[in-house]
Amino acid sequence: DVATRLVLVAKEDSDGDGVANETELLLGHQPGDAKDTPAKKELAEAAPRHAEFARYLASYRWQPFEPVVRPDVPKVEGTSSTSPTLSSTREKSGTRVTRPSNDTFSIRNPIDAFIAAEHQSRGLKPRPAASKEILLRRVYLDLIGLSPTPEELAAFESDKSPAAYDRVVDRLLADPRYGERWGRHWMDVWRYSDWAGWSGGNQIRDSKPHIWKWRDWIVESLNADKPYTQMIVEMLAADELAPLDTNTLRATGFLVRNYKMLSREQWLEDTVKHTAQAFLGVTVGCAKCHDHMTDPISQAEYYQMRAIFEPHWVRTDRVPGDTNLMNAGLVRTFDTDTNPPTYFFRRGDERKPDTNRVMEPDVPKALGGGLEIQPVSLPWIAGHPDKRDFIYRDTLAAAEKEVAKTRAALTKVATNSATSPDKLREHELSTALVEAQRDALAAGIEAERLEDAREKGEERWKIAATNAVLHQRKAASADSTLKLHQARLAAAEARKKSEDAAEKLALATNEAQQVTAKKEDSLKAAKDAAAKTAKALTEAKKKLTEAGKLLADAEEKLKSPPDAVYKRRSTDDYPTNSTGRRLAFARWLASTNNPLTARVAANQIWLRHFGHGLAANPADFGRAARPPSHPQLLDWLAAEFMNARSSRDDTAPSSTRKIQNRKRESDASLLTSAATGWSMKHLHRLIVTSSTYRMASTPDERNAKIDPDNTFLWRMNSRRMEAEVVRDNLLYVSGSLDLARGGPDIDHNIGLKSKRRSIYFRQAAEKEMEFLKIFDGPAVTECYVRRPTVVPQQALAMANSELTLNEARLLAKKLSAEAGDDAEAFARAAFERILARHPKPDELNLCREFLETRTPSSSVTRAREALVTVLFNHNDFITVR
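Numbering (my numbering), first residue to last: 68 to 948.
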């Protein structure tokens, strides 16, 4: 109501100018901006607007900031499809909502009841159910992003059981490709962006290396049907919830993605803005500078939300198997300060902080503010990640590998020098000694450089240093002929004393390597080269004496326990406690008392199945946005999402319940989280098994006059496949798609050559695969909903791109091997493989005539390739019917 709407924003006087915020809003002013006080004339002009504004708010039929209450389900009753009557009854747990069957639309679950109620009230006649081949392709593309094979189509068409479609849905939801398909959807919402790498020697500062592990976490979590609320908590606060669980820590990539090294202010602004839009569906950005114009979010509350994230920072931890942070690492969040101040910025200007107004972390009161924040104590090892056992184990393994390599090189030198003149042999022996000692010292030098480069709270590694292994122990040994010292290096104490030595020894080494590469007939030239390095060798031997002493000290230290060798400069790498702010906020988001979390998520899922959401703008549920087309259905979906009541038995047709009872044990794993709520797979199943989803997408002139935009779903919406689905299906139908899952991001420049699924290609600002970009691939800055376009470049890409032509040749060759010389069999197989449907008689005749008019074998081959290319460009390939 109006009182609730204005409790914080309109009735207050944020800037202390004696004028209520509501009045300033109606005059076009920005309360909280501390600008000029409205003049008396302006105040008089505002009077009639108050009543109009109040009437608007009172008539607003949807209250998104009110708690979710499971609404009554309309019970549609009647004796025919044309004259049903509606009555509203409270839905009982375990009670099926039914409507007498008719030729076009039957009530399979409560979704259909809400849709049918709108049909009846508006005089709309729903379209009949889609054909089996259309429905099968639709649900395949929706749930796994790949079309059904001819074998899968044939099996579905031959299965006459009433539960045939249910079994398909079950299988697809259990398919690991489901996580990849829906992972890409949620990556849009959560603004996934890979690290863009280096440009001109400078790091492109958005995101971080190794963030692809967050992408893999998303895919794995969806496949496991991890409750949505658990995903939220892990993304926002895994470091406080499970500080030692490296698999869970990957989830904090949601926050890492906002990282901007060059602008902490922009980093935090993006974090607040997009966290609110992704999970709450509210826009808070304008509240940075002034109270929200239409929603109950004040400027002060904006900075209270910012205070939740003020302490957090980003770091990269080493991982087992490869301790080189440029090769591998776990990028994650942590709180670097236990009580950093968040100031109120006058007019949103960070240059004008009000240091007298320190904001406490909280959420807007209209959304149920009042976070219960408790500081979190972390295990000691969480603050000292480089003290973990595998660090020592892996660095020792790397050192042993270098030892073996050095010994092999020295053995080769000894063999070669045995057959050389004395002078050259002496030169090679000296060079070998130089090289062995230099390698040992280099480890210490690089380790020390890395130590100096690391600062608490962030890594600042130089490219040259990242290839060194920290604290590695190297040894060089040789037989008595070479008289080399055995040495092991652990601490980095030799850097300053040996840096000059290593530099000059390297010169001597390089000269010597050139000598040893000479053949016997070039021995005289080799001796001349050795003489030229005599001076350098003299200096090197002098430094070598100093290095020998340092190595002897290092060897002595190696007799001590590892902890004595690998002491850090400071006792604390990172804090061993955390503020608990993000964990409290995440749990508040995940609460069933939160009015927006479930509504927003349910709307996002509905949007991906139908092409538009029940609420048109999935990232803005405020009063500035259009109300939902079916507000009660959205609330029912949100309530069902949080606390599932609809079971397989009470939503299925009665003819299928016995069959489903017999297979319940095999299906038990499908909806494991439905019993506890927040199961996405449960919501998917309700949607795709509804009659609403199963309708045909064919037009109807009468319905179009009543509802031209199909807002009330009298038919299914036809949709163009997303960019990734277009590319993946080109590869899939030809049999060349690589279905390997997970791993580092793939260079976007090889998108036309690589066979991996599109989700695994690098997605970053200005680094996007060109093919995906043409078909409206996701924008990493913001992509809560994709807006498809139709441009000539799309047709050109489908007809002439290297990807299309290569896959057309490959598929034509495979189909020819199956069909032989039978042109009709080839055409039929091409339709079933590419379009996942049978050709119509006129289509089959045209294709056969086209193929049979080419008589030379080369022409036949080209004709078949051309036909495949044409079908790739068919509207039925690129469209989800």
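Every residue, glycine too, gets a C-beta built ideally from N, C-alpha and C.
Problem - Nearest candidate by alpha-carbon position, reference F376, set I440, R385, R413 and T871 - result: Proximity to F376 across I440, R385, R413 and T871 peaks at I440, based on C-alpha coordinates.
Practice task
Starting from V339, trace the alpha helix (DSSP H) both ways and give me its first and last residue.
Solution key: Where V339 is concerned, the enclosing alpha helix (DSSP H) stretches over R331 to T342.
Practice task
Helix, strand or coil for Y410, going by three-state DSSP, please let me know.
Solution key: Here DSSP, grouped into helix, strand and coil, assigns Y410 to strand.
Practice task
Note the first and the last residue of the continuous alpha helix (DSSP H) segment covering V135.
Solution key: Here V135 belongs to no alpha helix (DSSP H), and DSSP marks it neither H nor E.
Exercise for the section: Could you pull out every residue in the same chain whose Cβ sits closer than 8 Å to the Cβ of I364, ignoring the five residues on either side in sequence? Expected result: The beta carbon of I364 lies closer than 8 Å to those of L75, V76, V349, V351, A354, D358, P431 and A433 in the same chain, with the five residues before and after it left out.
Exercise for the section: Can you grab the Cα-Cα spacing for the pair Q371 / P428, in whole Å? Expected result: So the two alpha carbons sit approximately 5 Å from each other.
Problem - Per-residue DSSP class, three states only, for F779 - result: Correct three-state label for F779: coil.
Handout entry: Nearest residue (CA-CA) to F652, options L303, V143, A263 and K192
Key = From the listed residues L303, V143, A263 and K192, the smallest Cα separation to F652 is found for L303.
Practice task
Look up R460 in the DSSP assignment and give the residues it is bridged to.
Solution key: Residue pairing by DSSP places R460 in no beta bridge whatsoever.
Exercise for the section: From the DSSP output, in three-state form, read off R950 for me. Expected result: The chain is shown from 68 up to 948; residue 950 falls before or after that span and cannot be answered.
Exercise for the section: Classify N942 as helix, strand or coil using the three-state DSSP reduction. Expected result: The answer is helix: DSSP assigns N942 an H, G or I state.
Practice task
Return the bridge partner residues of R382 from the DSSP annotation.
Solution key: R399, per the DSSP bridge assignment.
Practice task
Compute the distance between the beta-carbons of L882 and F944, then report whether it is under 8 Å.
Solution key: At the C-beta level, L882 and F944 stay beyond 8 Å of one another.
Practice task
With DSSP collapsed to three states, give me the class of R769.
Solution key: In this structure, R769 counts as helix in the three-state DSSP scheme.
Practice task
Determine the burial state of K142: buried for a count of at least 16 other Cβ atoms within 10 Å of its Cβ, exposed for fewer.
Solution key: For K142, the number of other beta carbons within 10 angstroms of its own is at least 16, and it is reported as buried.
Handout entry: Coarse secondary structure for N784, derived from DSSP in three states
Key = N784 falls in the coil class under three-state DSSP.
Practice task
Closer than 7 Å by C-beta to G450: which residues in its own chain qualify, once you throw out the five before and the five after it? Chain order, please.
Solution key: These residues qualify, in order along the chain: D639, D640, Y641, P642 and T643.
Practice task
Could you pull out every residue in the same chain whose Cβ sits closer than 7 Å to the Cβ of E185, ignoring the five residues on either side in sequence?
Solution key: The answer, listed in chain order, is H697 and F779.
Handout entry: Residue burial classification, A862 (beta-carbon count within 10 angstroms, cutoff 16)
Key = A862 comes out exposed.
Practice task
Might you give, ordered along the chain, the residues of its own chain that have their beta carbon closer than 6 Å to the beta carbon of F677, omitting 5 neighbours on each side?
Solution key: Only N784 meet the Cβ criterion.
Handout entry: Neighbourhood of L798 by C-beta, 7 Å cutoff - its chain only, sequence neighbours within 5 removed
Key = Excluding residues within five positions, the ones whose Cβ falls inside 7 Å are L804, K822 and E874.
Practice task
Check the DSSP bridge columns for N314 and list the partner residues they point to.
Solution key: BP columns for N314 are empty, so no partner.
Practice task
Would you kindly check if the distance between the Cβ of H815 and the Cβ of M788 is under 8 Å?
Solution key: At the C-beta level, M788 and H815 stay beyond 8 Å of one another.
Problem - Residues near I672 in its chain [Cβ-Cβ closer than 6 Å; skip 5 each side] - result: If we look at I672 and ignore the five residues flanking it on each side, its Cβ neighbours are L750.
Practice task
From the DSSP output, in three-state form, read off R424 for me.
Solution key: Correct three-state label for R424: strand.
Problem - Residues sharing a beta bridge with D453, DSSP - result: Per DSSP, none; premise fails for D453.
Exercise for the section: Under 6 Å Cβ to Cβ from A584, same chain only, skipping five residues before and after it: list those, please. Expected result: Legend: pLDDT at A584 = 45, less than 50; position of this residue unreliable, value from coordinates given subsequently. Non-local C-beta neighbours of A584 in its own chain, meaning closer than 6 Å and more than five positions away in sequence, are absent.
Problem - In chain order, each beta strand (DSSP E) run of at least 3 residues that lies wholly inside the region 160-221 - result: Complete beta strand (DSSP E) runs here, min 3: none at all.
Practice task
Compute the distance between the beta-carbons of D255 and I278, then report whether it is under 8 Å.
Solution key: Between D255 and I278, the C-beta gap is not smaller than 8 Å, which leaves the two residues out of contact.
Exercise for the section: Express the C-alpha separation of A686 and F132 in angstroms, rounding to a whole number. Expected result: Distance between the alpha carbons of F132 and A686 is about 14 Å.
Practice task
Measure the alpha-carbon distance for Q860 versus L308 and round it to whole angstroms.
Solution key: Roughly 48 Å between the two C-alpha positions.
Practice task
List the endpoints of the continuous alpha helix (DSSP H) containing K834.
Solution key: Going by DSSP, K834 is part of no alpha helix (DSSP H) at all; its letter is neither H nor E.
Exercise for the section: State the Cα-Cα distance for the pair P387 and L322, rounded to the nearest angstrom. Expected result: Roughly 24 Å between the two C-alpha positions.
Problem - Three-pair Cβ contact test at 8 Å for the region 220-229 versus the region 768-775 - result: No, they do not touch.
Handout entry: Which residues DSSP lists as bridging M762, in chain order
Key = DSSP, once it has assigned bridges, lists A196 as partnering M762.
Exercise for the section: Quick one: measure Cβ to Cβ for A196 and M762, integer angstroms, because I've assumed they're closer than 8 Å. Expected result: At roughly 6 Å, the Cβ-Cβ gap stays under 8 Å, so A196 and M762 are in contact.
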